[in-house]
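First up is the structure itself, then whatever we jot down about it.
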């Protein structure tokens, strides 16, 4: 065991995490649940860097209360290990699905392994079957201690499975490079599990968190915070590439009908939920490799690079089907419906502005026709009421 190397390694991890906390002020200011979890993971990792260094410093040192101190610090380290991996799974879920209801529903069974681990550590204070402190105040990992590494890997594997399931449902998303975080941790945990006296896990976690933080900066620039769709900045960047490379593409502009009425009737919080649900319907209907964008307040765009009008029409059918399923299930206070417009970009020096304008005009015509039908139905109903009086 090289104590100096252990202190330096964990010190580097702490330095990285302090820089993350200082520089992530903008992320924390968003105050959404995923960002709070990210901050909690940073703080727990910093605590673990300090705690692990202390356990190695105190190993073999004899003083009044030495065994109690060693047991407490090592127990805290084991608990932090499984808790951090559990929080990573929750963070992954929120980053992907952006629904706190999912977290609340899954929490009771996801946290079971953490609770079991905590109970085991409490019992270990008396029976020392997970780790032990001998009469010379030296730490020893017992066979049951490997179960905590298994729990850690279960949570990390669950996050990978969750991402794969999300990708199969909604397609891949940018700016969440999970393996930038996981690979250093897997390597570090495996090395530390096999060779006692090596201390690289928490520094590896710090490096992984730095990679995730760098991706968050791109997310802040290009992802809509409410819906998780791409924003107008990202659309403009992609359209510039489409124009520069003269890529034939099709696009759909989508307006959420009667959104103002939902806001006025049920409040802005419900309006936000409606936007999130609408975004989910559109994302599910969008073809693989397409770009789904929140273009304005209640307007969305699906850009299908290399796609034609037929693919755009098929996507619109899926969107309408998704809205129908939403309205028939779940007992929602409101119904969702959309007005859509298609534009096809064939190159030939046409500007992207003209491409967007064509989508907008097509959508406006559908919205206008829909309002005219609704007004005609209301007039007919009023006439029937008047005739019956």
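Numbering (the numbering used here), first residue to last: 99 to 487.
Just so it is clear, CB atoms sit at the ideal spot from N, CA and C, and this is done for glycine as well.
No experiment lies behind these values; they were computed from the predicted model shown.
In the DSSP annotation of this structure, the continuous segment of the alpha helix (DSSP H) that includes residue 188 starts and ends at 164–195.
Nearest neighbour of residue 112 by Cα position, chosen from 352, 151, 133, turns out to be 151. Using a 10 angstroms sphere on the CB of residue 474, the tally of other CB atoms stays under 16, which defines it as exposed. The criterion of a C-beta distance shorter than 9 Å is not satisfied by residue 107 and residue 145. Here DSSP, grouped into helix, strand and coil, assigns residue 296 to coil. Sequence-distant partners of residue 458 (beyond 5 residues in either direction) whose C-beta falls short of 6 Å from its own C-beta, in its chain, are 351. Taking the C-beta atoms as reference points, residue 155 is found nearer than 9 Å to residue 105. Scanning 132, 423, 246 for the CA closest to the CA of residue 217 turns up 246.
In the DSSP assignment, residue 351 falls within the beta strand (DSSP E) that extends over 347–354. Judged by beta-carbon spacing, residue 307 lies within the 9 Å limit of residue 279, meaning their Cβ atoms are closer than that value. Taking 9 Å as the cut-off, the beta carbon of residue 237 is found closer than this to the beta carbon of residue 157.
Our two residues, residue 438 and residue 209, have alpha carbons roughly 43 Å apart in a direct line. DSSP lists no beta-bridge partner residue for residue 145.
The three-state secondary structure of residue 228, taken from DSSP, is coil. Close CB contacts of residue 450 within its chain, under the 6 Å cut and outside five residues either way in sequence, are with 337, 341 (chain order). Contact annotation, residue 171 with residue 153: C-beta distance approximately 5 Å; criterion of less than 8 Å satisfied. Bounds of the alpha helix (DSSP H) holding residue 199 are 198–208. Cβ neighbours of residue 253 within its own chain (closer than 6 Å, five residues either side excluded): 183, 184, 187. Residue burial annotation: residue 391 is buried, with at least 16 other C-beta atoms found within 10 angstroms of its C-beta. Contact annotation, residue 364 with residue 431: C-beta distance approximately 6 Å; criterion of less than 8 Å satisfied.
Beta bridge pairing from DSSP links residue 430 with no other residue.
With a minimum length of 3 residues, the unbroken runs of beta strand (DSSP E) contained wholly in the region 371–458 fall at 389–392, 397–403, 436–443.
With respect to the 9 Å criterion, residue 347 and residue 283 are not classified as neighbours on the basis of their beta carbons.
The continuous stretches of alpha helix (DSSP H) do not include residue 328, and DSSP gives it neither H nor E.
Residue 194 is not a Cβ neighbour of residue 131, given a cutoff of 9 Å. DSSP places residue 243 in no alpha helix (DSSP H); its state is neither H nor E. Taking the C-beta atoms as reference points, residue 311 is found no nearer than 9 Å to residue 320. Residue 249 sits close to residue 215, with the two beta carbons spaced by under 9 Å. The closest CA to that of residue 421, considering only 383, 368, 389, is found on 383. Here residue 321 is bridged, per DSSP, to 328. Residue 368 is not a Cβ neighbour of residue 196, given a cutoff of 9 Å. A straight-line Cα-Cα distance of about 26 Å links residue 200 and residue 309.
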